[in-house]
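Peer 1:
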Amino acid sequence: MPYELTDEQRDRYRETSIRSQLRKRELLRRHIEGGDTDTVELGQRFDPNDLMPQLESNGLTCLSLFSGGGGLDLGFERAGFEHGSAFEILDICGKTLQANRPEWDVRYGAAGDVCIAPFTPFRGVDIVHGGPPCQPFSTAGKQAGANDARNMWPDFVRCIQQTRPRAFIAENVPGILDRKFATVVNKNILAPLSENYIIFKFKLAAHDFGVPQARRRVFFVGFRAARDAARWVAPLPTHGDVGDLLGPIFSRNTTRRSLGLPDQGFDVVAPTLRSGFTGPRNTTGVVNSKASLKIWNELHIWPNGVQPTRALAAAYKPENGDFRLSVDDCALLQGFPSDWRFCGAVYQALGQIGNSVCPPVAYVVARQVARALRG
Ligand SMILES: C[S@@+](CC[C@H](N)C(=O)[O-])C[C@H]1O[C@@H](n2cnc3c(N)ncnc32)[C@H](O)[C@@H]1O
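Note that the sequence shown covers residues -11 to 363 in this note's numbering.
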């Protein structure tokens, strides 16, 4: 829907936009000439690798579908799984995966299209994992479910039927568990898969596992053997309100502290980052609701005009003096370690970040799957 603006509003927006562009140009010129004096002294940052220490190889192989920027793939790798092949339709995501792990077999573009790929050559793989596009079920979309052309669950199911892995892991948005999708989920996902698998369905919140961001996701985990299924235990929160003997051990990681920003009296987990692939334009902002904008404001963090690097973000300080986010900061708030790089323009990097499973969450699920499979 085009915005309905009065002439007066349009002129005001145009004026603000021109002023902001001129200011940006001037600040970045000063930065390039080395004349910056006002840089932020950052303290120690949170290291997502602390949440997912590299485990020894468990000898189990994975096939990754709808791999995106690699959140699930990275979590599984750190939990000791061997990466088999990855299928992803977007070139930019394929490039990210290849740049970070040149040794992985990454298929992208038409070669990575899950809807046309034959999967029988992968028969014998131990695990299939993937996050079929969530837009058909997302509250941010029209929730057309099975009628949405982006519903790719049938191809996820086909892959499982053709490869017959010991276990599968599928991730999606909480919206998929809405009552209105119960029939779709039962008919298209659970019924065909439960012929050969015992399936567990559960929700996890990233901030309960040390990721400094509020992000809830649904997982479906299926085991072919009853013996493996009997050993399955869903991951238990590690971070939260401490004090309860049986509760989490660590308090939550908060936004400012995780980014190494000075204490200013208010700090909470970051609001859910919006994916740069959603919405009408190629956005460089990560705000996904009015409520989340309020939290960013209280955190004194500027969530729009995200910059490619921290140096550029520091050079292009917002007029109100808040801390401007960079792609690196968003990746960190999603739980990606600093050596995982995203290819592409800012909106493409934010698209890959906002679409991903937080690697530390993928890691805890992967670790529990390995425990079930290895006994
Ligand atoms: C929710 S994202 C997956 C994120 C990923 N699991 C992660 O943790 O980073 C879904 C991905 O499916 C990809 N996709 C959509 N249609 C596809 C198709 N036909 N074949 C392969 N990938 C597809 C999208 O480009 C997107 O990257």
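Ideal placement from N, C-alpha and C gives every residue a C-beta, glycine not left out. Note that the structure is a prediction, hence the values are computed from the model and not measured.
For Ser239, count neighbouring Cβ atoms within 10 angstroms of its own Cβ and tell me buried if that reaches 16, exposed if not.
Peer 2: Exposed.
Peer 1: Would you decide whether Tyr1 is buried or exposed? Buried here means 16 or more other CB atoms lie within 10 Å of its CB.
Peer 2: The residue in question, Tyr1, is exposed, as its Cβ has fewer than 16 Cβ neighbours within 10 Å.
Peer 1: Please confirm if the region 170 to 183 is in contact with the region 89 to 106, defined as three or more CB-CB distances below 8 Å between the two stretches.
Peer 2: With the cut-off at 8 Å, the region 170 to 183 and the region 89 to 106 do not touch.
Peer 1: Please report the distance separating the alpha-carbon of Gly163 from that of Lys83.
Peer 2: So the alpha carbons of these two residues sit roughly 30 Å apart.
Peer 1: Ordered along the chain, which non-local residues of its own chain (more than five positions away) have a Cβ less than 6 Å from that of Val209?
Peer 2: Cβ neighbours of Val209 beyond the five flanking positions: Ile157 and Phe188.
Peer 1: Using only CA atoms, which one of Tyr304, Val294, Ala87 and Phe254 lies nearest to Leu15?
Peer 2: Nearest option by C-alpha distance: Tyr304.
Peer 1: Quick check on the burial criterion: 16 or more other C-beta atoms within 10 angstroms. Buried or exposed for Asn160?
Peer 2: Under this definition Asn160 is a buried residue.
Peer 1: Verify the contact flag: Pro121, CB atom, against every heavy atom of ligand 1, threshold strictly below 7 Å.
Peer 2: Yes, the Cβ of Pro121 comes within 7 Å of a heavy atom of ligand 1.
Peer 1: Return the CA-CA distance between Gly364 and Pro250, expressed in angstroms with no decimal places.
Peer 2: Residue 364 is absent from the structure shown; the chain starts at -11 and stops at 363.
Peer 1: Where Ala360 and Val352 are concerned, what is the direct C-alpha to C-alpha distance, given to the nearest angstrom?
Peer 2: Approximately 13 Å, taken between the alpha carbons.
Peer 1: Select from Ala337, Asp316, Ala105 and Gln150 the residue whose C-alpha is nearest the C-alpha of Arg33.
Peer 2: Measuring from the Cα of Arg33, the nearest candidate turns out to be Asp316.
Peer 1: How many angstroms separate the CA atom of Gly323 from the CA atom of Leu62?
Peer 2: One C-alpha to the other measures close to 11 Å.
Peer 1: Closer than 7 Å: is that where the CB of Met40 sits relative to any heavy atom of ligand 1?
Peer 2: Every heavy atom of ligand 1 is 7 Å or more from the Cβ of Met40, so no.
Peer 1: What are the start and end residues of the beta strand (DSSP E) that includes Leu85?
Peer 2: Leu85 -> not in any beta strand (DSSP E); alpha helix (DSSP H) instead, spanning Asp79 to Asn88.
Peer 1: DSSP puts Ser52 in a beta bridge; with which residues?
Peer 2: Note: Ser52 sits in a beta bridge opposite Ala74 and His117.
Peer 1: What I want to know is whether the C-beta of Val206 ends up closer than 7 Å to one or more non-hydrogen atoms of ligand 1.
Peer 2: No, the Cβ of Val206 stays beyond 7 Å of every heavy atom of ligand 1.
Peer 1: The alpha helix (DSSP H) that contains Asn285, what's its start and end?
Peer 2: From DSSP, the alpha helix (DSSP H) with Asn285 extends over Lys278 to Leu287.
Peer 1: Could you work out which residue in Gln(-3), Gln86, His19 and Phe64 is closest to Pro41 when comparing CA atoms only?
Peer 2: Answer by Cα proximity: Phe64.
Peer 1: Go ahead and pull the three-state DSSP assignment for Lys191.
Peer 2: Three-state result, Lys191: strand.
Peer 1: Please list the terminal residues of the continuous alpha helix (DSSP H) segment that includes Arg205.
Peer 2: Taken as a continuous stretch (DSSP letters only), Arg205 belongs to no alpha helix (DSSP H), being part of the beta strand (DSSP E) at Arg204 to Phe211.
Peer 1: So, for Ala193: in the same chain, excluding its five sequence neighbours on each side, which residues have a beta-carbon less than 6 Å away from its beta-carbon?
Peer 2: Result list for Ala193: Arg204, in chain order.
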